[in-house]
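See structure below.
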Amino acid sequence: MRKTFKTLLLALPLVMAALSASAADSPVGRWKTIDDKTGQVKSIVEITQATNGTLSGKVVEVLKSDKGPNPVCDDCSGANKGKPVKGMTILWNLKPDGDHKWAGGTVLDPANGKTYKSKVELHQGGKKLDMSGCVAFICRAQTWVRE
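Residue numbers -23 to -1, 1 to 124, in mature numbering (1 follows the signal peptide of the UniProt record, and there is no 0), belong to the letters of the sequence shown in order.
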């Protein structure tokens, strides 16, 4: 029993290093979304990976909104119309697209209810995520910071 505990203690730093390295290579985790116009933190989005390898992101906290502390997506269509932004999936179907890049997904802007083609790219050892949404040749980009 004592030897097993000692082995676990010795292995713990290796496990932690492996987990840290994998986080640096993937956008999976919690991100502070930074408004591209004001520079303020607006929300916390949690990105997860499905079994098929695609990424999706859900708003887990709304920190700043022009629509009050519990905004709803008034301008959304379909199933999201009038739904709370907190808990809403706003990023889906991103697929790996090279080193530290994912593309081919869709992002929803709950402020205006519009969807855009999306792509993300990790920078600074996995601490920053460049997220962009495009319609035709018009793109909007934000830098998200790992929480």
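Just so it is clear, CB atoms sit at the ideal spot from N, CA and C, and this is done for glycine as well.
N-terminal and C-terminal residue of the beta strand (DSSP E) that residue i is part of
i	result
D86	78 to 86
L71	66 to 73
K19	18 to 26
K96	91 to 100
K14	No beta strand (DSSP E) contains K14, which DSSP labels as neither H nor E.
A118	115 to 123
K104	Unbroken run through K104: none, as it is neither H nor E.
Own chain, CB closer than 6 angstroms to residue i, minus 5 neighbours either side, in chain order
i	result
V22	W8, T10, G34, V36
D13	Q119
L(-10)	Unreliable placement is indicated for L(-10), whose pLDDT of 42 sits below 50; no coordinate value is reported for it.
G81	K72
Q26	V5, L32
C116	S109
Beta-bridge partners of residue i, as assigned by DSSP
i	result
G6	I24
Cut-off 7 angstroms between Cβ atoms - residues of its own chain near residue i, not counting five sequence neighbours on either side
i	result
D52	N89, G90
C111	Y93, K94
S54	G90
Cut-off 8 angstroms between Cβ atoms - residues of its own chain near residue i, not counting five sequence neighbours on either side
i	result
K105	L99, T120, W121, V122, R123
I67	V22, G34, K35, V36, V84, L85, D86, P87
K60	V49, C50, C53
### Query
Are the region 74 to 81 and the region 39 to 49 touching by the rule of at least three beta carbon pairs closer than 8 angstroms?
Flag = no, the region 74 to 81 and the region 39 to 49 do not touch.
#### Entry: Any beta strand (DSSP E) of 3 or more consecutive residues that is wholly inside the region 29 to 69
With a minimum length of 3 residues, the continuous beta strand (DSSP E) runs that stay inside the region 29 to 69 are 32 to 39.
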